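Read through the structure below, which is laid out as structure tokens, and then see the notes.
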Amino acid sequence: MRTDTTTGLDAVILDYNGVIGLQPTRAHWLRLARTASWPEDDLAGFQRAFWNARDLYDAGQLSDLAYWARVLGAHPGSRLLRELLAADTAMWTETDESVLAVLRRAHATPLRMVLLSNAPAHLSTVLDTHGWRRLMTHALYSARLEVCKPDPAAYHHALRATRVRDPRRVLFVDDRADNCQAAARLGLRTLHYTGSSDALQDALALAA
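Right under this line is the structure:
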């Protein structure tokens, strides 16, 4: 968990889940699996089915109905689909107050903050209604971009949103090492976030 030693920072590109958003708990997963009528003794199997098509869903290539049909192996009815969307969304909307406190302090500086999240369309719409969203200059979601991290195109979209020409003056923060590695290859500074809001505070202290 580190940044490089270059000084001066004009913008930060932030991941949502695992940085701003808390990871879902086992209780969240069980609620979703029960909603899907999945056998309770096979939560791991449900999670595999959930993730197998998630990249396509996050990239906007599958509708809500098409995604859940792949997970379940059959098309859900309209009522079940609404219940699945509600339970799925609830897993990803709890936030880390210690991170938000850091971002509120950063918001009082000239630092531009851009969200770059792999998220399906339904979740993206919900996230945009939350109060913390106003801290962001822009919020970019994979379903709207039609590309997911770590595809370089996702980072190029975010860099344009920062309006900073030199990627060395932009910090990318993500809880996934592969996403950070992809950002570093494009010249961005990176912070592999592993849960320390103090580390995030220290990294943002470099803001000009």
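For the sequence shown, this note's numbering begins at 2 and goes up steadily by one. Glycine included, each C-beta is placed from N, C-alpha and C at the ideal position. Nothing here was measured: the structure is a model prediction, and the numbers come from that model.
Annotation for Y68: no beta strand (DSSP E) segment contains it, though the alpha helix (DSSP H) segment containing it runs D65 to L73. It is roughly 8 Å from the alpha-carbon of A34 to the alpha-carbon of Q48. For Y156, the enclosing alpha helix (DSSP H) stretches over residues P153 to T163. For the alpha helix (DSSP H) assignment, the uninterrupted runs of no fewer than 4 residues enclosed by the stretch 28-100 are, from N- to C-terminal side, 44-53, 55-59, 65-73 and 79-92. Pairing E84 with T195, the inter-Cα distance amounts to about 32 Å. Taken atom to atom, the span from the alpha-carbon of R164 to that of H123 is near 27 Å. Looking at M137, P168, D65 and A183, the one whose alpha-carbon comes closest to that of D152 is A183.
Cα atoms of D176 and H193: separation of roughly 6 Å, rounded to the nearest angstrom. For D175, the three-state secondary structure derived from DSSP is strand.
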